[in-house]
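Notes follow once the structure below has been shown.
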Amino acid sequence: GEPRKFDPKFRGPIHNRHCTDVICCVIFIVVILGYIALGVVAWVHGDPRKVIYPTDSYGQFCGQKNTLNKNKTILFYFNILKCASPVVLINLQCPTTQLCVSKCPDRFATYIDVQASYRYKPDQWNYFRQFCKPGFNNPRKSVAQVLRDEDCPSMIIPSRPFLKRCFPDFSTKNGVLTVANQTTFKDGRGKTRNVTDLREAANGINNVLDARSVGMKIFEDYAISWYWILIGLFIAMMLSLLFLVLLRFTAGVLFWIFIFGVIGIIGYGIWHCYWEYDHLKGIPGSDLTVYDIGFQTDFKVYLQLRQTWLAFMIILCGVEVIIILMLIFLRNRIRIAIALLKEGSRAIGYIMSTLFYPIVTFLLIAICISYWAVTAVFLATSGEPVYKVMANQTLCKYANLTCDPETFNATNVTKLCPGAQCTFAFYGGESLYHKYIFIFQLANAFVFLWLVNFAIALGQCTLAGAFASYYWAYRKPADIPLWPLFSSFGRAIRYHTGSLAFGALILAIVQLIRVILEYLDHKLKGTQNSFTRFLLCCLKCCFWCLEKFLKFINRNAYIMIAIYGKNFCTSAKEAFFLLMRNVVRVAVLDKVTDFLLFLGKILVAGGVGVLAFFFFTQRIPVFAQEVPMLNYYWVPLLTVIIGSYLVAHGFFSVYAMCVDTLFLCFCEDLERNDGSTAKPYFMSASLHRILGKKKLSPKKA
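The sequence shown begins at 52 in our numbering and counts up by one.
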C-alpha cells in the first residue's frame with residue numbers, strides 16, 4: 052500500500068499495453084463456445100410447443116402435425132372432478148384420461164343416457180362419441196366395462212376452452228354458481244351432484260379469466276398510448292441531459308440549499324418540541340413518565356407527556372449538532388466533492404458520446420437474457436414422454452410406476468388391476484443427457500450471470516478509459532485524444548478481456564451462491580427448523596454484503612485497468628489501497644454524489660410523471676383533444692414514471708462512473724505530482740484552488 056514512485060513519462064492512459072489475464076481470457080472464450088454448444092444441443096432436443104400446447108394421455112400434444120391430433124388443439128378431461136384430488140399437486144397431472152378435441156362440449160349428457168337411446172337418437176351418440184377414445188364405436192359394450200376401461204367419459208359438461216383446455220362454463224346467477232343455467236348435474240354414475248364440486252375441480256379459473264380480461268384492457272391501453280409514452284420518455288431524456296449539463300453550475304448550490312434546508316427543518320422541530328414541552332406545563336397527568344403508563348397501543352397517549360417532547364428535543368438537538376460539526380470538519384472535503392461533480396459535468400460536456408454508451412450495455416444484456424431464456428425453455432422441454440400406470444382402484448400396487456404403452460397390454464398389470472392404463476405423466480427421460488438436465492440448467496444460469504457481469508464490466512472500463520483520457524490531458528480540451536470513447540472500447544476488448552472476465556467471474560460465483568441460497572430458503576419455507584432458517588438468513592446477509600463489496604472493488608479495479616493496463620489483481624490491490632489512503636474523501640464524495648444523483652432521478656421521474664398525469668387526465672387544455680381514450684390511465688402513467696426513472700438512471704450511471712474515475716485520477720495526481728514545474732498537477736484550476744496549493748504550474752492557453 053505504499054504511494055507509487057513518480058513516473059516522469061506518465062501522461063494519462065498508457066498506450067503501449069500488453070494483454071492481461073490471458074488464461075482467464077482463454078477460459079472465457081472456451082466457456083462461451085461451450086455455451087453456444089449447449090444452446091444447440093438444447094435446441095435439437097427441446098420443443099417449446101410441449102409447454103405451449105397441452106399433451107394428451109398418449110404423449111402427443113394437441114395440434115401436433117402428422118398425427119390424429121392435427122386439427123384438435125384443445126385438451127379434454129374425461130372426469131374433471133378427479134382434478135380436485137391431491138395427486139394433481141404431486142404429479143401435476145390429473146389422474147384421468149385426457150384427449151385432444153377440436154372443440155369443447157356444449158351440453159350436459161351422460162354416457163348411460165346416450166347409450167340407452169343410441170338406436171333412435173343416433174345424432175346424440177355421434178356427438179358424444181367425439182369425446183371418446185379415437186376409433187371407439189361400440190354402443191353394445193356394457194356401461195361398467197366402458198367406464199372401467201375409460202373408453203368414454205361418464206358425462207360431458209358445457210365447457211369453454213381456456214389455456215387450450217376445456218373447463219366448465221361457469222357463470223353466476225343471482226349470486227348462485229351455475230353451469231349453463233343449471234346448479235346440479237348427473238355424474239353418469241347414478242348420482243346427482245352440485246355444480247360447486249366442479250368449481251373446486253377447476254378452482255381459480257374464474258380469477259384467471261378476470262386477470263385475462265384486465266390483461267387485454269392493459270394491452271389495448273398500450274396499443275393506443277405507446278406514441279405518447281415514447282414522447283414522455285424523450286422528455287425524460289432531455290431533462291436528464293439538461294440536469295447533467297447544468298450540474299457544473301448548480302451542484303454546489305443544490306447541495307448547500309438542501310443541507311441548510313435540513314438544518315432549518317430540524318431547527319424548527321427543536322423549537323416545536325420546546326413549545327409543546329412548555330405548553331404542557333401544569334396540565335394534570337403531563338408529568339407522568341413513560342415508565343408509569345407502560346406500553347400503550349394508542350401513540351397519542353405519549354404525546355400528552357412532557358417527557359416525550361423532552362426526549363424528542365434532545366434527539367433532534369443531537370442530530371443538529373452532529374450535522375453542524377460534520378459540516379465544519381468536512382467542509383474542505385465537501386468542497387472537493389462538489390468541485391469533482393462540476394468537473395464530471397464538464398468532462399461529459401466534452402465527451403457527449405459517453406452518455407449514449409449505456410444503450411450498448413443494454414443491448415448486450417438484452418441479448419444475454421434472450422439467449423438464456425430460450426436455452427432454459429428448450430432445456431426444460433427436451434425430455435421424452437414418460438408414461439405411468441394410472442389405476443382406478445386405490446389398492447393397485449403398480450399405480451404410479453413407469454410403463455411402456457406399446458407393451459402395456461401384454462403385461463400382467465391389466466389382469467391384477469382391471470381398468471389400469473398406461474398414460475402420459477410428464478416429460479423427462481432416462482438417458483445420460485436427461486439425467487444431467489438440472490446440471491445444464493445450473494450451468495446455463497451461471498454462464499448467463501458471467502456474461503451479464505462481463506457486459507457491465509466492459510461498460511465501466513470503457514467509460515473509465517474515456518474519462519481518464521480527459522483528466523490526464525494537460526491542456527483541456529486541446530489535449531483530449533480524438534474519439535476517446537471508441538479508442539477506450541478498443542483497448543478494453545483487445546487487451547483486457549481476460550481481466551474483465553476475471554472480475555465478472557468472481558462476481559458471478561457469488562451471485563450464483565446467492566441464487567442457490569434463495570432457492571433453498573424458498574424450499575425450506577414450510578419447515579419449522581428455526582436454526583436452519585437462521586443459518587440461511589445469516590448466509591444470505593453475508594453474501595449480500597460480499598457482493599456489494601466486490602462490486603465496489605471491481606468498479607475501481609476496472610478504472611485502474613483503464614488507466615495503467617495492469618492485470619486484475621494488481622489493479623484491484625492498488626485501487627483498494629489508494630482508496631484506503633483517502634477513505635474520508637471517498638465516503639464524503641460517495642454520499643454527496645449519491646444524494647445529488649438521487650435528487651436528479653426524483654426530479655426527472657417526478658417532473659415527467661406530473662406532466663403525464665395532467666396530460667392523461669385531460670387537464671392540459673391545449674392537448675385535451677389529443678388524449679387517447681383509456682381503460683386505465685395509470686397504465687401509461689406508471690410506464691412513463693418507471694421508464695423516466697430508468698432513462699435517468701442510465702444517464703446518471705455514466706455520470707457516477709465519470710466522478711469515480713476523476714476521483715481516482717485526482718488521488719493519483721496528488722500522490723504523483725506536487726505542482727512544481729517538473730511535476731505539474733493535471734487537475735483543473737478550480738480543484739487546485741480548493742486544495743490551497745500556492746504553486747500552480749503555468750497553464751498554457
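Ideal placement from N, C-alpha and C gives every residue a C-beta, glycine not left out. Everything numeric in this text was worked out from a predicted model, so none of it was measured.
- Specify, as a first and last residue, the run of the beta strand (DSSP E) that Asn245 falls within. For the purposes of this step, residue 245 is taken as residue 194 along the sequence shown, with counting starting at 1. That run of the beta strand (DSSP E) goes Thr243 to Asn245.
- So, are the CB atoms of Gly694 and Leu290 less than 8 Å apart? For the purposes of this step, residue 694 is taken as the residue at position 643 of the sequence shown. For the purposes of this step, residue 290 is taken as the residue at position 239 of the sequence shown. For Gly694 and Leu290, no; Cβs fall outside 8 Å.
- Item | Spatial neighbours of Cys324 in its chain, beta-carbon cut-off 8 Å, leaving aside the 5 residues before and after | As a working mapping, residue 324 is identified with position 273 in the sequence shown. Within the same chain, Cys324 has close Cβ partners Trp360, Leu361, Phe363, Met364 and Leu367.
- Item | N- and C-terminal bounds of the alpha helix (DSSP H) containing Ile653 | To locate residue 653, count along the sequence shown from 1; it is residue 602. Element bounds for Ile653: Val634 to Phe667.
- Nearest to His700 by CA position, among Asp725, Ser193 and Gly651, is which residue? Walking along the sequence shown from the start, residue 700 turns up at place 649. Of the candidates Asp725, Ser193 and Gly651, the one whose C-alpha sits nearest the C-alpha of His700 is Gly651.
- For Cys203, which option in Thr223, Trp277, Arg244 and Phe127 has the closest C-alpha, if you only look at C-alpha atoms? Your numbering for residue 203 matches position 152 in the sequence shown. Ranking the options by Cα distance to Cys203, first place goes to Phe127.
- Query: Using the rule of at least 16 other Cβ atoms within 10 Å of the residue's Cβ for burial, across every protein chain shown, is Glu719 buried or exposed?
  - Reply: Mapped onto the sequence shown, residue 719 falls at position 668. So Glu719 counts as buried.
- Query: Given a threshold of 16 other Cβ atoms within 10 Å of its Cβ, counted over all protein chains shown, does Arg397 qualify as buried or as exposed?
  - Reply: Working through the sequence shown from its first residue, we reach residue 397 at position 346. Flag for Arg397 reads buried.
- Could you round the C-beta distance between His547 and Ile488 to whole angstroms and report it? I think they count as a contact, below 8 Å. By 1-based counting over the sequence shown, the position of residue 547 is 496. By 1-based counting over the sequence shown, the position of residue 488 is 437. Their Cβ separation, rounded to whole angstroms, is 36 Å, which puts His547 and Ile488 out of contact at 8 Å.
- Message: Can you give me the C-alpha to C-alpha distance between Ser433 and His96, rounded to a whole angstrom?
- Response: Here the question's residue 433 lines up with position 382 in the sequence shown. Here the question's residue 96 lines up with position 45 in the sequence shown. Straight-line Cα distance between these residues: approximately 5 Å.
- Task: Just tell me which of Asn122, Gly320, Tyr615 and Lys215 has its CA closest to the CA of Ala67.
- Result: Along the sequence shown, one-based indexing puts residue 67 at 16. What sits at residue 67 in the sequence shown is Asn, not Ala. It is Tyr615.
- Query: On the three-state DSSP scale, how would you describe Thr462?
  - Reply: Working through the sequence shown from its first residue, we reach residue 462 at position 411. In this structure, Thr462 counts as coil in the three-state DSSP scheme.
- Message: Please report the straight-line C-alpha distance between Ala543 and His69, rounded to a whole angstrom.
- Response: Taking the first residue of the sequence shown as position 1, residue 543 is located at position 492. Taking the first residue of the sequence shown as position 1, residue 69 is located at position 18. Roughly 11 Å between the two C-alpha positions.
- Item | Cβ-Cβ distance between Leu551 and Phe505 below 8 Å | What you label residue 551 is simply residue 500 of the sequence shown in a count that begins at 1. What you label residue 505 is simply residue 454 of the sequence shown in a count that begins at 1. Contact flag set, yes.
- Query: Val678 by DSSP, collapsed to three states: which one?
  - Reply: The residue labelled residue 678 in the question sits at position 627 within the sequence shown. Note: Val678 maps to coil in three-state DSSP.
- Task: Could you check the C-alpha separation between Phe518 and Val265 for me, to the nearest Å?
- Result: Against the sequence shown, residue 518 aligns to sequence position 467. Against the sequence shown, residue 265 aligns to sequence position 214. The straight-line gap from Cα to Cα measures roughly 48 Å.
- Query: Can you tell me whether DSSP reads Ala231 as helix, strand or coil?
  - Reply: Residue mapping note: residue 231 aligns to position 180 of the sequence shown, counting from 1. DSSP places Ala231 in coil when its eight states are reduced to three.
- Message: Check whether the segment 696 to 710 and the segment 288 to 304 are in contact - that is, three or more C-beta pairs closer than 8 Å.
- Response: yes
- Item | Cβ pair count under 8 Å reaching 3, the segment 668 to 679 against the segment 628 to 641 | no
- Message: Is it the case that the segment 719 to 736 contacts the segment 529 to 536, given that we only count it when at least three CB pairs across the two stretches are under 8 Å?
- Response: no
- Looking only at its own chain, which residues have a Cβ that is under 7 Å from the Cβ of Phe714, when we skip the five neighbours before and after it? As a first step, residue 714 is located in the sequence shown; it is residue number 663 there, counting from the start. Answer for Phe714: Leu391 and Leu640, listed in chain order.
- Item | Closest by C-alpha distance to Asn607, when choosing among Leu509, Phe666 and Thr668 | For the purposes of this step, residue 607 is identified with residue 556 of the sequence shown, where counting begins at 1. For Asn607, the nearest C-alpha among the options comes from Leu509.
- Tyr342, buried or exposed, once every other Cβ within 10 Å from all chains shown has been counted against 16: Within the sequence shown, residue 342 is the residue found at index 291, counting from 1. Exposed, because fewer than 16 other Cβ atoms sit within 10 Å of the Cβ of Tyr342.
- Query: Looking at the structure shown, is Ile314 part of a helix, part of a strand, or coil, going by DSSP?
  - Reply: The residue labelled residue 314 in the question sits at position 263 within the sequence shown. Ile314 falls in the helix class under three-state DSSP.
- Rounded straight-line distance, which links the Cα of Ser581 to that of Val138: On the sequence shown, residue 138 is found 87 positions in, with the first residue counted as 1. On the sequence shown, residue 581 is found 530 positions in, with the first residue counted as 1. Note that Val138 has pLDDT 48, beneath the 50 cutoff, so the model's placement of it is unreliable and the number below is only indicative. Spanning the two alpha carbons is a distance of roughly 30 Å.
- Item | Three-state class that DSSP yields for Ala442 in the structure shown | To locate residue 442, count along the sequence shown from 1; it is residue 391. In this structure, Ala442 counts as coil in the three-state DSSP scheme.
- Task: Please list, in chain order, all residues of the same chain as Phe665 whose beta carbon is under 6 Å from its beta carbon, the five residues on each side excluded.
- Result: Reading the sequence shown from its first residue, position 614 is the one you call residue 665. Answer for Phe665: Ile671, listed in chain order.
- Task: Measure the CB-CB distance between Phe459 and Tyr109 and report whether it falls below 8 Å.
- Result: Taking the sequence shown and counting its residues from 1, one reaches residue 459 at position 408. Taking the sequence shown and counting its residues from 1, one reaches residue 109 at position 58. Not in contact: Phe459 and Tyr109 (Cβ atoms no closer than 8 Å).
- Message: Report the start-end ranges of each beta strand (DSSP E) in the segment 491 to 544 that is 3 residues or longer and not cut off at the edges.
- Response: none
- Would you identify the three-state DSSP class for Phe218, choosing helix, strand or coil? What you label residue 218 is simply residue 167 of the sequence shown in a count that begins at 1. Strand, per DSSP.
- Message: By the three-class DSSP mapping on this structure, what secondary structure does Ile402 have?
- Response: In the sequence shown, counting from the first residue as 1, residue 402 sits at position 351. Note: Ile402 maps to coil in three-state DSSP.
- Item | alpha helix (DSSP H) segment containing Ser421, residue limits | For the purposes of this step, residue 421 is taken as the residue at position 370 of the sequence shown. Unbroken alpha helix (DSSP H) run through Ser421: Tyr408 to Ala431.
- Under 8 Å by Cβ, that's how I've got Tyr754 and Cys473 pegged, so tell me the actual separation to the nearest angstrom. The question about residue 754 has no answer here: the residues shown for the chain are numbered 52 through 752.
- Message: Could you compute how far the alpha carbon of Val686 sits from the alpha carbon of Ile653?
- Response: Along the sequence shown, read from residue 1 onward, the residue named residue 686 stands at position 635. Along the sequence shown, read from residue 1 onward, the residue named residue 653 stands at position 602. So the two alpha carbons sit approximately 20 Å from each other.
- Message: Taking the alpha helix (DSSP H) that Phe717 belongs to, which residues open and close that run?
- Response: Position 666 of the sequence shown, counting from 1, holds the residue named residue 717. Trp685 to Arg723 is the extent of the alpha helix (DSSP H) around Phe717.
- Query: For Gly320, which of Gln196, Gly85, Glu371 and Ala274 has the nearest alpha-carbon?
  - Reply: Here residue 320 refers to the residue found at position 269 of the sequence shown. When each option's Cα is compared against that of Gly320, the closest is Glu371.
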